[in-house]
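Residue numbers (our numbering): 96 to 218. Idealized CB from N, CA, C, for every residue including glycine. On a predicted model such as this, the values are computed, not experimentally measured, just so you know.
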C-alpha cells in the first residue's frame with residue numbers, strides 16, 4: 096500500500112496483509128515501527144494488532160532495547176508523536192531480548208503476534 100502525495104512523492108505505507116484494523120482505521124505496522132525506531136533506546140521492533148473488545152484490534156509494539164533500562168509507553172509515544180498520528184500509537188508495549196526475523200531480514204509478524212498475545216495474556 097502507498098499513497099501519492101500532493102508534491103508528487105510516493106509514501107510507502109506497508110503490506111495490506113499485516114495491516115491493523117482498530118476502530119475502523121487501517122494502521123500499517125511498518126509506518127509505526129519507523130516512528131518507534133526514532134527513540135534512541137529502541138534497537139528493533141515489530142508492531143502487531145491484538146484482539147480488543149472495544150476497537151476490534153489494538154496496536155501493540157514488541158520492542159528490543161539497545162540498553163536494558165526502563166522505558167515507559169508515554170516516553171515512547173512522545174518520540175513517535177513527531178511522526179505518526181495518535182490513533183496509530185501503541186496501546187501497549189512488550190519487551191523481548193531479540194526480535195525474530197528471517198535470514199533475509201523479513202519481519203516475523205506471526206512470531207510477534209504470538210509473543211505479544213502471550214505476554215499480554217490474550218488467548
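Got a sec, what are the start and stop residues for the beta strand (DSSP E) residue 212 sits in?
First-last for residue 212: 204-215, but that is the alpha helix (DSSP H), not the beta strand (DSSP E).
Is there contact between the segment 119-129 and the segment 160-180, where contact requires at least three CB pairs shorter than 8 Å?
Proximity of the segment 119-129 to the segment 160-180 meets the contact definition, three or more beta-carbon pairs being nearer than 8 Å.
Ordered along the chain, which non-local residues of its own chain (more than five positions away) have a Cβ less than 7 Å from that of residue 195?
Exclusion of the five residues before and after residue 195 leaves 203, 206 as the residues of its chain whose Cβ lies within less than 7 Å of its Cβ.
Would you kindly work out how many angstroms separate the C-alpha atoms of residue 184 and residue 210, rounded to a whole number?
The straight-line gap from Cα to Cα measures roughly 19 Å.
Can you tell which of 215, 175, 186, 208 has the C-alpha that lies nearest to the C-alpha of residue 137?
Taking only the C-alpha atoms, the option nearest residue 137 is 175.
Since residue 141 sits in a beta bridge, which residues does DSSP pair it with?
Looking at the DSSP output, residue 141 sits in a beta bridge with 157.
Note down the Cα distance separating residue 198 from residue 156, rounded to an integer number of angstroms.
Answer to the nearest angstrom: the Cα atoms are 21 Å apart.
So, are the CB atoms of residue 217 and residue 188 less than 7 Å apart?
7 Å or more divides the Cβ of residue 217 from the Cβ of residue 188.
Could you give the DSSP three-state label for residue 126: helix, strand or coil?
Helix.
Considering just the uninterrupted stretch of the beta strand (DSSP E) at residue 187, what are its terminal residues?
Counting along the chain, residue 187 sits inside the beta strand (DSSP E) bounded by residues 187-190.
Compare the C-beta of residue 167 against all C-beta atoms of chain E and say whether one is closer than 7 Å.
Of the chains in the structure shown, none is chain E; there is only one protein chain.
Assigned secondary structure, residue 97 (DSSP; H/G/I helix, E/B strand, else coil)
It is a strand residue.
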